[in-house]
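S.K.: The following block contains the structure, expressed as structure tokens.
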Amino acid sequence: MAAISSLSFPALGQSQKISSFAPSRPLASVSVSAAIRSHSLTCSRPSRSFIHCMSTLTDVPPVSDTKSNFLKAYKRPIPSIYNTVLQELIVQQHLVRYKKTYRYDPVFALGFVTVYDQLMEGYPSDQDRDAIFKAYVEALNEDPQQYRDDAQKMEEWARTQSSASLLDFSSRDGEIEAILKDIAARAGSKDGFSYSRFFAVGLFRLLELAAATDPTVLDKLCASLNINKKSVDRDLDVYRNLLSKLVQAKELLKEYVEREKKKQGERAESQKANETISKCLGDTLYNPSFLVDWKS
Numbered sequence: 001m002a003a004i005s006s007l008s009f010p011a012l013g014q015s016q017k018i019s020s021f022a023p024s025r026p027l028a029s030v031s032v033s034a035a036i037r038s039h040s041l042t043c044s045r046p047s048r049s050f051i052h053c054m055s056t057l058t059d060v061p062p063v064s065d066t067k068s069n070f071l072k073a074y075k076r077p078i079p080s081i082y083n084t085v086l087q088e089l090i091v092q093q094h095l096v097r098y099k100k101t102y103r104y105d106p107v108f109a110l111g112f113v114t115v116y117d118q119l120m121e122g123y124p125s126d127q128d129r130d131a132i133f134k135a136y137v138e139a140l141n142e143d144p145q146q147y148r149d150d151a152q153k154m155e156e157w158a159r160t161q162s163s164a165s166l167l168d169f170s171s172r173d174g175e176i177e178a179i180l181k182d183i184a185a186r187a188g189s190k191d192g193f194s195y196s197r198f199f200a201v202g203l204f205r206l207l208e209l210a211a212a213t214d215p216t217v218l219d220k221l222c223a224s225l226n227i228n229k230k231s232v233d234r235d236l237d238v239y240r241n242l243l244s245k246l247v248q249a250k251e252l253l254k255e256y257v258e259r260e261k262k263k264q265g266e267r268a269e270s271q272k273a274n275e276t277i278s279k280c281l282g283d284t285l286y287n288p289s290f291l292v293d294w295k296s
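Just so it is clear: in the sequence shown, position 81 is 81 by my numbering, and no numbers are missing.
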């Protein structure tokens with residue numbers, strides 16, 4: 001990726017087309033035709049035991065349990081354009097969540113919240129969107145409110161930063177600075193940090209909110225955090241590709257829905273016209289005065 005500015009992801013709550021890529025390891029696959037042809041049901045009541053410590057091998061449930069928890073917690077239908085991506089993401093996040101080196105951190109939370117809000121933008125019901133988020137995170141035995149709170153805290157902090165202050169976190173005190181220092185320390189140790197694509201998106205979101213458009217800032221931030229820049233570049237391209245496909249699928253679905261509404265409206269108008277004509281003819285044919293006039 002030549003420059004950060006080339007990664008102009010749409011801001012939360014906005015839909016923009018993004019140039020397509022063809023990465024070999026997509027965050028999730030989006031089937032445009034399937035999204036328009038079908039709808040799926042998904043749903044979960046997960047354990048209330050929220051785990052943020054590092055996992056051990058004995059902690060690891062099968063992926064089927066996580067998916068089952070989600071399906072049990074949210075029982076309303078989810079349009080397939082959203083459900084397809086959610087099902088893929090929950091499988092991938094399960095694998096990250098139960099790595100031996102996994103440990104929850106607010107940058108990861110910011111990345112996931114950013115991805116989720118982008119994917120679910122335009123969902124028919126805000127209430128359902130929040131319920132799906134809750135079911136999804138709890139299916140992974142984590143706390144959805146903590147995800148939201150930490151993501152908001154990171155966003156508020158980033159908005160007050162500049163490129164220079166963002167990179168200077170290691171020499172300053174503060175809650176977020178301490179979080180970044182801890183990440184850097186773990187990432188710099190052997191098997192002490194579990195990198196993920198959500199973490200990469202969280203990093204970029206920090207840069208975006210701090211208006212850090214210089215292409216060297218991401219390089220320097222990755223170096224300060226002991227994160228592999230190539231992995232971050234790759235995963236940001238994957239994220240951009242996913243959003244691009246999703247935007248295209250939503251546009252096709254919107255066009256399909258509008259066509260169907262237009263057809264239904266035309267059928268309704270035609271039926272109404274036929275009923276009016278039939279009523280008029282009926283009133284005329286069975287009006288006694290008309291019969292008298294006709295006979296005479």
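Even glycine gets a Cβ: it sits at the ideal position worked out from N, Cα and C.
Keep in mind it's a predicted model, so treat the numbers as computed, not measured.
Assign Ala164 to buried or exposed, taking buried as 16 or more other Cβ atoms, counted over all protein chains shown, within 10 Å of its Cβ.
M.R.: exposed
S.K.: Just how far apart, CA to CA, sit Ile227 and Tyr195?
M.R.: 8 Å
S.K.: Are there 16 or more other CB atoms within 10 angstroms of the CB of Pro118, so buried, or fewer, so exposed?
M.R.: In the sequence as displayed, the identity of residue 118 is Gln instead of Pro. With 16 or more Cβ atoms within 10 Å of its Cβ, Gln118 is classed as buried.
S.K.: Classify Ala212 as helix, strand or coil using the three-state DSSP reduction.
M.R.: coil
S.K.: Closest to Ala187 by C-alpha separation, out of Arg205, Leu221 and Arg159, would be which residue?
M.R.: It is Leu221.
S.K.: Measure the CB-CB distance between Phe193 and Leu236 and report whether it falls below 8 Å.
M.R.: It is not a contact, given that the beta carbons lie outside the stated cut-off.
S.K.: Skipping 5 residues on each side, what residues in its chain have a beta carbon closer than 6 Å to that of Trp157?
M.R.: Ile176
S.K.: May I ask you to report which of helix, strand or coil DSSP gives Arg103?
M.R.: coil
S.K.: Within the continuous alpha helix (DSSP H) that includes Pro61, where are the two ends?
M.R.: First-last for Pro61: undefined, no H or E at that position.
S.K.: Does Phe133 come out as helix, strand or coil in the three-state DSSP assignment?
M.R.: helix
S.K.: Confirm, please, whether the CB-CB distance from Asp105 to Ile183 is below 8 Å.
M.R.: yes
S.K.: When we look at the beta-carbon of Pro144 and count the other beta-carbons within 10 Å, is it buried (16 or more) or exposed?
M.R.: buried
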